[in-house]
Amino acid sequence: MPEGPELHLASHFVNETCKGLVFGGCVEKSSVSRNPEVPFESSAYHISALARGKELRLTLSPLPGAQPPQKPLSLVFRFGMTGSFQLAPADALPLHAHLRFYTAPPAPRLALCFVDIRRFGHWDPGGEWQPGRGPCVLLEYERFRDNVLRNLSDKAFDRPICEALLDQRFFNGIGNYLRAEILYRSAGRLLKMPPFEKARTVLESLQQCRPNPELTLSQKIKAKLQNPDLLELCHLVPKEVVQLGGKGYGPERGEEDFAAFRAWLRCYGMPGMSSLRDRHGRTIWFQGDPGPLAPKGGRSRKRKPKGTQLGPEDRKEDLLLSRKSISRTRRPKKHPKTIAQQSAGTSLQQNQGTPTPPKKGKRGGRPATTGHRRPPKSKANTQSRETGGTSAS
0 MPEGPELHLA SHFVNETCKG LVFGGCVEKS SVSRNPEVPF ESSAYHISAL ARGKELRLTL
60 SPLPGAQPPQ KPLSLVFRFG MTGSFQLAPA DALPLHAHLR FYTAPPAPRL ALCFVDIRRF
120 GHWDPGGEWQ PGRGPCVLLE YERFRDNVLR NLSDKAFDRP ICEALLDQRF FNGIGNYLRA
180 EILYRSAGRL LKMPPFEKAR TVLESLQQCR PNPELTLSQK IKAKLQNPDL LELCHLVPKE
240 VVQLGGKGYG PERGEEDFAA FRAWLRCYGM PGMSSLRDRH GRTIWFQGDP GPLAPKGGRS
300 RKRKPKGTQL GPEDRKEDLL LSRKSISRTR RPKKHPKTIA QQSAGTSLQQ NQGTPTPPKK
360 GKRGGRPATT GHRRPPKSKA NTQSRETGGT SAS
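For the sequence shown, numbering that gives the first Met the number 0 gives the first residue as 0, with consecutive numbering after it.
Shown next, in the form of structure tokens:
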């Protein structure tokens, strides 16, 4: 699922590709999308984007003199599992482009498309950030930190730290791969933060941390960079992903855009790391002791080293679960009869399972042969029937 850095990279993409482009006409929605229609039409408007945590706001701003006269309209997007923005020729739209903004003529028409393969993404024409989400870990670090430390009495912090990190009321922008990387880097090189340690226990110690007043500003910054605490890492680790450029975490395999991201990962889905399911069914990757609140009966699985790292889609929890459910519903196709089975003298079977030996003196439900009398029993024929003849594999 796209996380905070991916939303910020998407906003950068929109602002860079739409810079200087003039859009015009109606906003077009696909017929299969259940999201609301976008009531906007203008002869000339610009598009800009801003990300906050796991949301992105797209603003449509009419140019002076554009018809009909109207105010700017903002749409807030949540990307779901596979949402992204693409710019494509208007006559070659990408598949699953569920919302489309077209450039104005006469230049060759382009379309900014919100592409969402699985259709879990959502847009809201009201333009307001979703209520209840906390400050952004990337853009509002001081507010984010204060919001966490002031609310440690909340029952969310009774949970393991790995589960608390997914609560968007406090960690807006943190998702599955980020929590693994943050916890992995949150302690010394030899001792990693147990993912199932109680969140309040981990965070209460940060309330007492006060920087040395005798240090200069540059010394304080240097000290933070050399030994960041957990909340600082919630800001620094996503920032690293944004600085990588490209698309961050995504489902495509083999694209150069994701090479830097795959090389950046240290823990999530990496060889030698252990994994457990939290109470929401999400897989947490870690190293060492899982901690006192680890699920009872949960069996830690360790990823064996391989010659090459798996692509991001192989580490994506929801896609893995989806593939498993699909594989359960697909039934294997029956193989056609082979030439050997159709040839004379080959015993036929009613199904592909283990054959039932025929009973003495009865045909045992065997189909009658046409044009030939049943040959007399012989030792060879009896043996052939009991072994089932040629296997239908």
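Virtual Cβ for every residue (Gly too), placed ideally from N, Cα, C.
- Counting the other Cβ atoms within 10 Å of the Cβ of residue 277 gives 16 or more, which makes it buried.
- For residue 16, the enclosing alpha helix (DSSP H) has its first and last residue at 3 to 16.
- Setting aside the 5 residues that flank it on each side, residue 121 is surrounded in the same chain by 34, 76, 77 and 79, each with a C-beta closer than 8 Å to its C-beta; the list follows chain order.
- 123 is the residue among 123, 204 and 109 whose C-alpha sits nearest the C-alpha of residue 73.
- Shown here, residue 56 sits in a strand according to DSSP, grouped into three states.
- Remark: C-beta atoms of residue 272 and residue 263 do not approach each other more closely than 8 Å.
- Separation of the CB atoms of residue 173 and residue 136 is rounded to 6 Å, and the pair is thereby assigned contact status at 8 Å.
- Runs of the alpha helix (DSSP H) lying entirely within the stretch 112 to 163 and spanning at least 4 residues, in chain order: 140 to 149 and 160 to 163.
- Cβ neighbours of residue 185 within its own chain (closer than 7 Å, five residues either side excluded): 192, 229 and 232.
- Between residue 151 and residue 196, the beta carbon gap of about 14 Å keeps them out of contact (Cβ cut-off 8 Å).
- Taking the CA atoms as reference points, residue 286 sits about 42 Å from residue 111.
- Apart from sequence neighbours up to five positions away, the residues of its chain that approach residue 244 with a beta-carbon distance below 8 Å are 8 and 259, ordered along the chain.
- In this structure residue 57 is in contact with residue 13, their Cβ atoms being roughly 7 Å apart against a cut-off of 8 Å.
- Here residue 237 has 3, 4, 136, 137, 172 and 177 as same chain residues with Cβ atoms under 7 Å from its own Cβ, once five neighbours each way along the sequence are excluded.
- Residue 267 is not a Cβ neighbour of residue 162, given a cutoff of 8 Å.
- By the neighbour-count definition (other C-beta atoms within 10 Å, threshold 16), residue 31 is an exposed residue.
- The beta carbon of residue 104 is closer than 8 Å to those of 23 in its chain, skipping five residues each way along the sequence.
- Secondary structure at residue 200: helix, using DSSP grouped into helix, strand and coil.
- In the three-state DSSP reduction, residue 184 falls in the helix class (H, G or I).
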